[in-house]
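For reference, the structure discussed in these notes is given below.
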Amino acid sequence: MDRLEREFTIEDLEEWTEYEVRVQAINGIGSGPWSQPVQGRTRESVPTSGPANVSAFATTSSSILVRWGEVPHTDRNGLILGYKVVYKEKDSDTAPGFWSVEGNTSHSVQLTGLGKYVLYEIQVLAFTRIGDGRSSSPSILERTLDDVPGPPVGILFPEVRTTSVRLIWQPPAQPNGIILAYQITYRRNSSNINAATVDVLSPSARQYTATGLKAELVYVFRLTAQTRKGWGEAAEALVVTTEKRARPQPTSRPVVPQEEVQARRVLLSWEPGSDGLSPVRYYTVQSRELPDNNWTVHSASVSHETHSYIVTRLKPFTSYQFRVKATNDIGDSEYSQESETITTLQDAPDRAPTILSVTPHTTTSVLVRWQPPSEDHINGVLLGFRVRYRELHYDRLCTFTVRTVNSPSSHWADLTALYSVRNLSESSLTQYELDNLSKHKRYEIRLSVYNAVGEGPISAPQEVFVGEAVPTSPPLNVMVQSSTATQLDVMWDPPPLDAQNGDIQGYKVYFWEYQLRNETERLRTLFLPELGVKLKNLTGYTTYMISVAAFNAAGDGPRSLPTRGRTQQAGESQ
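Counted from 1, the sequence shown has number 240 at position 240 by full-length UniProt numbering; the numbering is strictly sequential.
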C-alpha cells in the first residue's frame, strides 16, 4: 500500500463470511507491531450451487415426488429462506414451471398437475434474502406414469360417396403412454348403438374406409385409442353420404359481452353458418392487436361442438378484434366479419423497478435512483411507486447462522424489523430521498410499482449504511495564483458546515490543460484538511483548469466549478 493511503479494499473474499483484519506499518528499518484485530462480515449473496442429492420419483400419471439435500455450507452465502423446484418438459419450448417451498426445513415436494406419460427435466435451487441461487446440476429426468389416452385428433373425410367414406386421423395430442391399437365404431345416426359396426386397427393405422353404407344418410363415427391402461376417450364425427358437399358458409360476427372481458382473457361466441352438407370439423380463431393491422392465429383447432371460445394469453389494457372461420372436409369458409373492438382490463404490474443506486445523502437519509419497468409490464396506467425499507440486524444474524444448525425452523422474520412503506404517487419519479432514518444503521431497501388494480413484484434488495454521507457541496472560493513558470498556487475555503456531513478528511484537486481535459487531467490528493496546495512541474505559459472536491469517511463530495489559471513565461517573476 502507498504510505499516504488510509483505506484499502480487500477483494476475492467469500460471501457471508466473518473475517478478522489487522494492519501494520512498514518503514525503511522494518515492520511495526500489528494493530488490534477488527472483525467484519461480508454481505449476503445468492447461493452459488444448488442442493445436493436431488432425486425424483413418479407417483401417478400426473405427479412426481422430488427430494433434495442441503446446499453445501460454503456455497450458501447467506440464510437459506426456501427452495424452488424448476421443471419443464424435455425438448419442449414451453417455459419452465416453478414450485416454491418456503422455509429451510422441507426438503421434498409433490409436483402435481403434470402431463401424463411426459418426460420432465427437474432441478432445485435455494434462495436467500438477496434472490435465487444456481440450480442443481445436472438435471434429473423423470417420466410421469402412463394412463388411458386422450381422443385422436384431426378427423377428416376426404372421400365421401353415396355408399362409402374414407376417414383419416392423427394420433391423440395426449397419448398418455404407448398407443397399442385404434378402435372404430360407426352406425347410422338415427339407429340404436347396438347396431354399430366395430373394427380394431393397428397402432400405425391413420385411415379407414367404411363401405356398404346407405345414400343420403347421416352416419356417426367414433374413434378411440388404446394404451396398456385401457381404451381412452373417443373422438366423434358425423358424415353425410352425399356427393353434393360444399365448403361451409362464414359464421356470424363474433360477440364479446363486456362482462366476459378480463385482463388476459375474453369469451368469444358466434353462430354457425350453413355446413354445406359436410359437418364442420373445427373452427379457427384469429386475433388482432390494435392499432396493428396483422391478424394472427390464436387457435386452429376449436371444437366443432362448441360455438364459443375463451381467448387466453392476451395483454392487459390492450385493444383487440377477433374473427372466426369454419372448416369441413371440403375446405375453409371465409373469415367472419371482425368483432367490435374490445379493450382488456388492467392487471397488476408483473415486473419490479430496477434500483440503479442507493447512496448516502445526509447522515439520516439516502438517495434512491431507479428505472421503472417498461410500459408493457405495467399492465395499465402507472400510478406510483412503493418504497419498502427496514433496519438489518447483523449482530442477531451472526448468532442465528450458528443456531440454524440445531433449529432450522427459525424464520428470517425473527431477525429483522418489519418493512416501513412510503407511497410515491408521482408516476414520473426516477429518484427519491428516503429520510428520517437512524444513524449508524444498515438498511435494506426495495421498490415496487402499482396501478389501479394492485402492486407488482418487489425488486431485489439493496443495502446501504446510514450515518456517513458524502459532502453535499463543493469547497468555496477556489482561487488560483501563478507562482512560477511551472507552479500554480491553489487556495479554497471548506464547504459550508451544514453540507460537510461529518469531518472533512481531505481534498482532491483535479487539474488539466485548457481544452485538453481527457488527455491531461491529473489528480492531487491531500489526506489532511488543508486549504491550499502548490501544483508543481507544470508546463510554462499554459492555461490550466482546476477543480476541488472535499471528502469524508463516506466518500467524495461534488467538485467545484473549474477555475482558470496560467503559468508564467520562463524568466518572468511577480
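Note that CB positions come from ideal geometry on N, CA and C, so glycine has one too.
- Beta-bridge pairing by DSSP links S299 to V285.
- In the three-state reduction of the DSSP assignment, A225 falls in the strand class.
- The beta carbons of F322 and S299 sit no closer together than 7 angstroms.
- Only residues of its own chain outside the window of five on either side were considered, and among them V480, L488, F511, W512, E513, Y514, L535, L538, R564, G565, R566, T567 have a CB closer than 8 angstroms to the CB of Y544, listed in chain order.
- Under DSSP, E159 takes part in a beta bridge, and its partners are R166.
- Beta-bridge annotation (DSSP): A469 is not paired with any residue.
- Relative to G273, the option among Y282, H440, L267, R265 whose CA is nearest is Y282.
- Annotation: S301 to P171 spans about 15 angstroms, alpha carbon to alpha carbon.
- For G212, same chain residues with a beta-carbon under 8 angstroms away, outside a window of 5 residues either side, are T163, S164 in chain order.
- Across the set Y443, V46, R386, Y186, the C-alpha of R386 shows the shortest separation from the C-alpha of E426.
- Three or more beta-carbon pairs drawn from the segment 50-57 and the segment 132-149 are found closer than 8 angstroms, and the two stretches are therefore classed as touching.
- In the structure shown, L497 falls within a helical segment according to DSSP collapsed to helix, strand and coil.
- Contact between P33 and A126 does not hold, since their C-beta atoms are separated by about 44 angstroms, which reaches or exceeds 8 angstroms.
- Per DSSP, reduced to three states, the secondary structure at H107 is coil, with no helix or strand assignment.
- Following the DSSP letters along the chain, one finds E444 inside the beta strand (DSSP E) bounded by residues 441-450.
- The beta carbon of L277 sits closer than 6 angstroms to those of V240, T242, K244, R245, all from its chain and outside the five residues before and after it, given in chain order.
- The residue among Y389, L268, T343, T359 with its C-alpha nearest the C-alpha of S336 is L268.
- Following the DSSP letters along the chain, one finds E519 inside the alpha helix (DSSP H) bounded by residues 517-520.
- Taking C-beta atoms as the reference points, A181 and V200 count as a pair closer than 7 angstroms.
- Three or more Cβ pairs drawn from the segment 356-367 and the segment 463-476 lie within less than 8 angstroms of each other, which places the two stretches in contact.
- Spanning the alpha carbons of D147 and Q226 requires a straight line of approximately 10 angstroms.
- With a cut-off of 8 angstroms on Cβ pairs, the segment 514-534 is not in contact with the segment 443-454, counting fewer than three such pairs.
- In the DSSP assignment, G565 falls within the unbroken beta strand (DSSP E) covering 563-566.
- Judged by their CB atoms, S49 and E15 are not nearer to each other than the 7 angstroms cut-off.
- Nearest to T284 by C-alpha distance, out of L290, I184, F317, W270, is W270.
- In this structure the segment 183-201 lies against the segment 218-234, because at least three pairs of beta carbons, one per stretch, are closer than 8 angstroms.
- A direct Cα-to-Cα measurement between G557 and V109 gives close to 53 angstroms.
- Rounded to whole angstroms, the Cβ separation of Y432 and R390 is 16 angstroms, and the two are not in contact under 8 angstroms.
- In its own chain, leaving out the 5 sequence neighbours on each side, no residue places its CB closer than 6 angstroms to the CB of G28.
- The three-state secondary structure of D503, taken from DSSP, is coil.
- Rounded to whole angstroms, the Cβ separation of Y208 and R187 is 15 angstroms, and the two are not in contact under 8 angstroms.
- For H361, the secondary structure class from DSSP, reduced to helix, strand or coil, is strand.
- Three or more beta-carbon pairs separated by less than 8 angstroms link the segment 249-269 to the segment 306-322, which places the two stretches in contact.
- Taken through DSSP and simplified to helix, strand or coil, E463 comes out as strand.
- T74 sits in a helix when the DSSP states are folded into three classes.
- N451 has its alpha-carbon roughly 6 angstroms from the corresponding atom of V381.
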